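Data first, discussion second: the structure below is written as structure tokens.
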Amino acid sequence: MAYDFAAIESKWQQRWDEQHAYAAPNPGDDGFDPDRPKFYVLDMFPYPSGVGLHVGHPLGYIATDVVARFERMLGRNVLHPMGFDAFGLPAEQFAIETGVHPRVTTEQNIANMVRQLKRLGLGYDWDRTISTTDPGYYRWTQWVFLQLWNSYVDPATGKAEPIADLVAKLESEKYLVGTNAELIADYDGLDAIEGQPIGSRPWSDLTQEQRHRLLDEYRLAYLAEVDVNWCPALGTVLANEEVTAEGRSERGNHPVFKRPLKQWMLRITAFADRLIEDLDLVDWPESIKLLQRNWIGKSIGAEVDFAIADGEANDTIRVFTTRPDTLFGATYMVLAPEHPLVASIMTDEQSATVQAYVAEAAKKTNVDRQQDAKEKTGVFTGSHAINPVNGEPIPVWIADYVMMGYGTGAIMAVPAHDERDFEFARKFDLPVRPVVEPPGYPTIRRVKEIRQAEGLSIEEANQRAFEEACDMKQAYTGDGKITNSAPEDPDGLVPPLNINGKSIAEAKDQMIRALERRSRGQAKVQYKLRDWLFSRQRYWGEPFPVLHELDDAGHPTGHVIGVPETDLPVELPELDDFKPEPMDDPDAPPRPPLGRAPESWRIVERDGKRYARELNTMPQWAGSCWYYLRYLDPHNDEAMVDPETEKYWMTGDDRRSGVDLYVGGVEHAVLHLLYARFWHKVLFDLGHVSTPEPFGKLFNQGYIQAYAYVDERLIYVDAVDVINQEGQPAFEVQGLPNQTYTYNGEPVTEKYGKMGKSLKNAVAPDEICEQYGADTLRLYEMYMGPLDQSKPWNPQDIVGVHRFLQRVWRNFVDDEADVLLVDEHAPDDDQLRLLHKTIKAVTDAMGSMSVNVAIAKLIEMNNAMVAMDKLPRALAEDFVRMLGPLAPHLAEELWGRLGFEQSLTVASWPGYEEKFLVEDTVELPVQVNGKLRGRIEVPAEADKDAIEAAARAAAESDEAVSAAVTGKAIRKVIVVPGRLVNLVVG
RNA sequence: GCCGGAGUGGCGGAAUUGGCAGACGCGGCGGAUUCAAAAUCCGCUGGUGGCAACACCUUGAGGGUUCGAGUCCCUCCUCCGGCACCA
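Note that the first sequence covers residues 2 to 987 in this note's numbering.
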């Protein structure tokens, strides 16, 4: 009988399904063994799309399945779950087009994908599967949201704590409330009148309304008016990543506008520091850590307040700078065009120019601004500000190279030491004053010389000296010593501050302290990270578990209460029409689809008051922020997850905290992976989870790429139907040089990219399973190359691994007689050595996720076994065990034929480590003058002397070695234990 | 522009992390089987020279460290990813 993969695979898939073979027991369940260490291996769960999986999707799933099976083999209690991230725009869009409710299509899509996944023989614990759209699931998404809403970050601890604790601290006057709603704990040192710090008040002085507002300022989930990407044609806000570079919606290509809207926000910025620091706790690719660090974008510097010289006396312009040390070099200031002070500080003469510039800037999108970045533009406001350290008035400009969205939207410009400021100063002929002396350049002395020689002013001499030092080509941003500080203030208003000769780091420090003493600034840490815009005007998402209080007239009062936990979930109402409402007017108020829900859903009465439900829904990312926790205890109605269960799966003694291995694509580097870490930290602070980080080890799999073809209009055509000039299907005979391709007789051009629907080059796994079987597909995908690399799908290569499986089959089973070719004779020493070597290599390779190498070793071993007359049983059994994680169906079948009743792929391998991982002898290469001449076998424990002695013996006895040494003296013997011996002769 | 990562046969890729470069697979060539084809099996397959054993060359380019470099250091080139006026 030939290798009948179809029969074998369906037989075993059915059996695994019936037996719930991959169900992992929780503590307290039947079959739970507390002595087994846990191993939690997780895939990034997919979106259940209507077209199902293509062969690129399961790449990561197969890898985790191999690891899961391997770890199970080593005796661990393995949790390997799968679920679906099913809320979101595509389902809704599809529903709008077809009129079928998204729940229906979602369920169909999930069923289809489960079928596809099972067909690949992936050993998931299907009893634990979840879908984010299931009310039993999103009930807990809402619950987590309420945790956020009911928490604040305490300034003393930096941790999330219940908002009730804040109330208690305010009531006991542990905290007073400052003028800007800041919490003041240690008010001993502040100026006080009658024991109370100026400008601060106790909680008891606040009105009900003020208390409400104050708490809302601190909640981790809050409502705020923010600038959002508003797409009137789609009737919804969009996330930045849903907007194209041209400022249009990714779906439908409609214009997108920036506009302020009141939206739910999550205070992720309160965790910015910890999100950076705790990256040190996890085993993630450095590139991903770097991406997150850059995204959070921490800058350490200072805020400095500049008084306005000739405007209203009270106005100050606050700037953020990372270079407070260069404050003496600030020769002008720049405000972003959107800066709120622009209108009040421009002079009458300049107002027309300024207004024109501001209006022009408002029309530009961010993208235009970037494209215009090469040419700086700006206008003078007519006003001046006072440099707080030398009292000098400097002009205030407006320019769009300063962004309102970062820092304070205003900068002090130091053209001598900032490239952008330099460029701007050159263009508008503003003074450039160097205050950092490049090493080796004596600026101060040179300035003096120039002044004496040419009788120039300080300003002019500085300029000249700087031109010499920097060749006037660019700003000097390197290290150096401070110069030019502390010029005298003619009015004597500002005490001189001399920091000349200090290093940049020292000068930053001194400058900040000086600013603090004068109340003109303070140290400040700035982040690029923004708070997370958390609401969408869509139907197919989680409803918010909050209620808006209404007054008697039915208008919102602005007060919000949380829905009690016992009333969760807030289910999505049934709607006949869930379309978002398109509108032409970009300023019209949004009308989210939930506004069309029946009044019985929208309006709630509680304690005699009327409340309106929130009509926005949560964004796509919400459900995926915590799903890895729900897998642990998916049917729990009492809690998100049982604490004991959470502790067991998320903490391990000898392993990393959290999920032991998390595999997914890089595209989630800064969104999902950052959001999930944020939620996890909140849950950690509140005591709901036991680890500070959710994912101990992260692995990014590469993409499967494939050729794609575009016609003359640059539109992708179905790749499978493209033929080359010989009439062969291009998709099967790939990568040939100098080919011409046609589609329906029309010429097309070959491209190359990520496999997927948009390039029309997707290959369905079902086709491959049909033709070669799931084991072949699994093996091929693992064999293509390193898991973290992108690699081309090449159908020709599939036969290679298929032949391997056929060879394995023939090796074990006689084709004609259908009998086993294995008997009880003992393997000889060479065979055993080969087996040990292979198992060691396979183990090492699997451990380092190099599954492709592990497969190569198995092929090598099988090729060696083919040459044997009959397989010794000991060899055969261990070979099948190693094959188990990679080709589980075939391995199960052979295991059964070897006479075992118990399933192989859920069993552990007893005695594995003692049996194979102990090496007693090692083979060392022997070199003569760096050239390999022979090998010696020495005990693994041998010390340097013993190895040297063995090598000297080989120089006498070993033919090749002695030939190389003959006639020459051994001058030196280099011994690297465990590695090599080198005889230096001459 | 800045920050990452990578360059090895005709192709995908190995190389115990400084120790026989090219494992394993594809493709190619030759052979077996077959009326024939597909499938399958066996042998060869980095380059140059040689009938041959063998010799020499070879990991993007150039230099360096070392008994020994694909691997480490410096300079340059190319490709891929991320960020992009972030003060």
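Glycine included, every Cβ here is placed at the ideal spot set by N, Cα and C.
Predicted, not measured: the structure shown is a model, and the values here were computed from it.
Burial of residue 677 is indicated by the presence of at least 16 other C-beta atoms within 10 angstroms of its C-beta. For residue 787, no alpha helix (DSSP H) segment is defined, and its DSSP state is neither H nor E. Taking a C-beta distance under 7 Å as the contact criterion, residue 710 and residue 723 qualify as a contact pair. Residue 832 is positioned such that its CB atom lies no closer than 7 Å to that of residue 89. In the DSSP assignment, residue 264 forms a beta bridge with 225. Secondary structure of residue 165 (DSSP, three-state): helix. Taking each of 983, 155, 580 and 605 in turn and checking the Cα distance to residue 972, the smallest one comes out for 983.
Between residue 440 and residue 502, the gap from beta carbon to beta carbon reaches 7 Å or more. Three or more beta-carbon pairs separated by less than 8 Å are not found between the segment 205-217 and the segment 376-394, which leaves the two stretches without contact. Burial of residue 103 is indicated by the presence of at least 16 other C-beta atoms within 10 angstroms of its C-beta. For residue 395, the enclosing beta strand (DSSP E) starts and ends at 394-399. Contact annotation: the segment 552-566 does not touch the segment 103-119, with fewer than three C-beta pairs closer than 8 Å. Judged by DSSP secondary structure, residue 557 falls within the beta strand (DSSP E) whose first and last residues are 557-563. Within the same chain, 204 come within 7 Å of residue 172 by CB-CB distance, once the 5 residues on both sides are set aside. Pairwise C-beta distances place the segment 931-941 out of contact with the segment 91-101, as fewer than three of them are shorter than 8 Å.
Between residue 423 and residue 432, the C-beta spacing is not below 7 Å. For residue 334, the enclosing beta strand (DSSP E) has its first and last residue at 333-336. Taking 7 Å as the cut-off, the beta carbon of residue 61 is found no closer than this to the beta carbon of residue 131. If you look at residue 115, you'll find it isn't in any beta strand (DSSP E); it sits in the alpha helix (DSSP H) that goes 103-120.
Nearest in C-alpha terms to residue 412, of all of 333, 418, 487 and 72, is 333. For residue 844 and residue 780, the gap between their C-alpha atoms comes out near 17 Å.
Between residue 725 and residue 742, the C-beta gap is smaller than 7 Å, which places the two residues in contact.
Closest by C-alpha distance to residue 93, out of 235, 331 and 362, is 235. Residue 306 is a Cβ neighbour of residue 521, given a cutoff of 7 Å. Note on geometry: alpha-carbon atoms of residue 384 and residue 331 lie some 15 Å from one another.
The alpha-carbon separation between residue 824 and residue 868 amounts to approximately 15 Å. With respect to residue 523, residue 517 sits close: the two C-beta atoms are nearer than 7 Å. Within the segment 586-669, the beta strand (DSSP E) runs of at least 3 residues that lie entirely inside it are, in chain order, 604-607, 610-614 and 662-665. DSSP, reduced to helix, strand and coil, places residue 383 within a strand of the structure shown.
619 is the residue among 859, 619 and 801 whose C-alpha sits nearest the C-alpha of residue 147.
By the beta-carbon neighbour count (other beta carbons within 10 angstroms, threshold 16), residue 128 is exposed. With a threshold of 16 other beta carbon atoms within 10 Å, residue 289 meets it and is buried. Its Cα nearest to that of residue 487, the residue 500 stands out among 476, 500 and 478. Relative to the Cα of residue 527, the nearest Cα in the group 627, 564 and 407 belongs to 407. Considered as a whole, the segment 679-712 harbours 699-701 and 705-711 as its complete beta strand (DSSP E) runs of no fewer than 3 residues, in chain order. With respect to the C-alpha of residue 976, the residue from 960, 965 and 946 having the closest C-alpha is 946.
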